[in-house]
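**Student:** My structure is below; once you've seen it, I'll send some questions.
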Amino acid sequence: MYLVPVLMSLIPILIGISLSAIAFHYILKINMSKFLNLRAFETNKENRTHFLPLRIQAHERLIIFIDRINPANLLVRLHQQGIDISTLHAVILNEIRTEYQHNITQQLYVSSENWTVIRKLKDDTIAMINNAVQGLPNHSSGIELSKVILQHMAEIEQNPYDLSIELIKRDIQRLF
């Protein structure tokens, strides 16, 4: 008998508590969402500020890499008076591979497109050197190899080393 009036008085209280809980949940959800979005923005800004110098440095290093494996620069740097073709060939390939290994971690900071171009440029340079060596007799001098490589480079309509540097420059300009 007393149970019905007690339940009748509890129903409005329970409804009030439920509505309050729903409103609290909704307000908390909105505020938490705003807080998390703001925190993500701050973190992203911090990341950009932290990683921008690393990305710029990576682009710089890759431009140096391209310049160092450019046959015009590579042959001047590595050629020695009286060097034979097999020795120069080995020194050139070793230099290209060493430079590449030295810069391999830079792929973390550049676009996949840029890294693919860098890797292909390295592979194409090695292939060009190997083809030049195969086209010459075994007793040829290093000077003859250098002439064949530089002549091949002169015949290329668009210098792939210059094009690769331009691609990297465009990629770095997108950061600003």
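Quick note on numbering: my numbering labels position 31 of the sequence shown as 14, and the sequence is numbered without any gaps.
The beta carbon of each residue, even a glycine, is placed where N, CA and C say it ideally should be.
1. Have a look at N121 and S69 and give me their C-alpha separation to the nearest angstrom.
2. Using 8 angstroms as the threshold, is the C-beta distance between L104 and I75 below it?
3. Determine contact between the segment 125 to 137 and the segment 108 to 117, defined as no fewer than three beta-carbon pairs at a distance below 8 angstroms.
4. I'd like to confirm the pairing. Which residues does DSSP put opposite D67 in its beta bridges?
5. Check the C-beta distance from N53 over to Y144 and give it rounded, since I have them as a contact under 8 angstroms.
6. Whose C-beta lies closer than 7 angstroms to the C-beta of W98 among residues of the same chain, with five residues either side of it excluded?
7. Give the straight-line distance between the Cα atoms of S147 and F7, rounded to the nearest whole angstrom.
8. Take the Cβ of G118 as the centre, count every other Cβ of all protein chains shown within 10 Å, and call the residue buried at 16 or more, exposed below.
9. Just to confirm, are R38 and Y92 a CB contact at a threshold of 8 angstroms?
10. If you compare alpha carbons, which of E149, V(-13) and E127 is closest to I160?
**Tutor:** Looking at the atomic coordinates:
1. Cα to Cα, the separation comes out at about 8 angstroms.
2. Contact annotation: L104 and I75 have beta-carbon atoms that are not nearer than 8 angstroms.
3. With the cut-off at 8 angstroms, the segment 125 to 137 and the segment 108 to 117 touch.
4. According to DSSP, D67 bridges with S124.
5. Contact holds; Cβ gap of about 4 angstroms.
6. Cβ within range, chain order: Q90.
7. Distance between the alpha carbons of S147 and F7 is about 58 angstroms.
8. G118 should be labelled exposed.
9. Yes; because the gap between Cβ atoms is below 8 angstroms, this pair is in contact.
10. Residue 160 lies beyond the residue range present for the chain, which begins at -16 and ends at 159; the question has no answer from this structure.
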